[in-house]
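S.K.: To convert a position in the sequence shown, counted from 1, into the numbering used here, add 19.
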Amino acid sequence: MQNRTLEIGVGLFLLAGILALLLLALRVSGLSASPSSDTYKVYAYFDNIAGLTVRAKVTMAGVTIGKVTAIDLDRDSYTGRVTLQLDKSVDNLPTDSTASILTAGLLGEKYIGISVGGEDAVLKDGSTIHDTQSALVLEDLIGKFLLNTVGKEPKEAQPAN
């Protein structure tokens with residue numbers, strides 16, 4: 020009887036550990052069981068989205084204020100349209116705020132950073148952030164650096180008189 024009680028205790032302990040790991044995985048991934056209803060949608064158009072994914076964080080001053088809910092191509096302007104879902108607690112963002120695609124660390128995940136503008140009018144549900152900065156693509160930066168340094172020819176030596 021004592022052996023059976025020990026086996027049940029170990030089984031319950033393992034079950035609690037598996038549930039804790041599952042809960043941790045859901046929290047880290049950004050998935051939630053209940054949809055948050057106290058949010059509003061804002062759109063931003065970028066020339067290059069490069070690596071930004073759905074469920075990426077939207078931050079302001081390092082604090083998460085929302086997430087990316089959709090990424091698609093605008094067929095009229097041929098730019099990437101990003102749908103941001105922002106918390107209602109941050110409902111006082113000026114219309115001239117700036118959205119930038121940033122990277123956590125050197126090669127980390129991409130997220131959107133919001134810089135506050137100075138206008139009196141604020142963003143509402145369905146508004147568009149017009150001032151955006153696209154993602155910095157490391158390969159493009161390296162290519163520009165190599166082309167600028169390789170393309171330059173060394174100066175010829177001036178003959179001494």
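Positions of the beta carbon are idealized from the N, C-alpha and C atoms, including for glycine.
(1) Skipping 5 residues on each side, what residues in its chain have a beta carbon closer than 8 Å to that of proline 113?
(2) Roughly how many angstroms separate the alpha carbons of glycine 81 and isoleucine 131, rounded to a whole number?
(3) Check whether the Cβ atoms of phenylalanine 65 and serine 153 sit closer than 7 Å, and answer yes or no.
(4) In whole angstroms, give me the CA-to-CA distance for glycine 36 and threonine 24.
(5) On the DSSP letters alone, give me the boundaries of the beta strand (DSSP E) that isoleucine 37 sits inside.
(6) If we call anything under 7 Å between Cβ atoms a contact, is threonine 8 one with aspartate 106?
(7) What residue from Leu121, Gln21, Val61 has the CA that sits closest to aspartate 144's CA?
(8) Grab the span of the beta strand (DSSP E) containing alanine 69 for me, first residue to last.
(9) Could you tell me which residues DSSP puts in a beta bridge with arginine 100?
(10) Please name the residue, chosen from Arg74, Gln21, Thr98, Ser108, that lies closest to serine 48 on a Cα-to-Cα basis.
(11) Threonine 88 and threonine 78 look like a contact to me (Cβ under 8 Å); what is the Cβ gap, rounded to whole Å?
(12) Between aspartate 150 and threonine 117, is the Cβ-Cβ spacing less than 7 Å?
(13) Tell me the DSSP bridge mates of serine 119?
(14) Give me, in chain order, the residues of the same chain whose beta-carbon lies closer than 8 Å to that of leucine 157; leave out the 5 immediate sequence neighbours on both sides.
M.R.: Answer, in terms of the structure:
(1) Val135, Gly136, Gly137, Glu138, Asp139, Ala140, Val141, Leu142
(2) 10 Å
(3) yes
(4) 18 Å
(5) Counting along the chain, isoleucine 37 falls outside any beta strand (DSSP E), though it belongs to the alpha helix (DSSP H) covering 21-48.
(6) The first residue shown for the chain is 20 and the last is 180, placing residue 8 beyond what the model contains.
(7) Val61
(8) Unbroken run through alanine 69: none, as it is neither H nor E.
(9) Tyr64, Asp91
(10) Arg74
(11) Contact flag wrong, Cβ pair sits at about 15 Å.
(12) yes
(13) Gly132, Gln152
(14) Leu126
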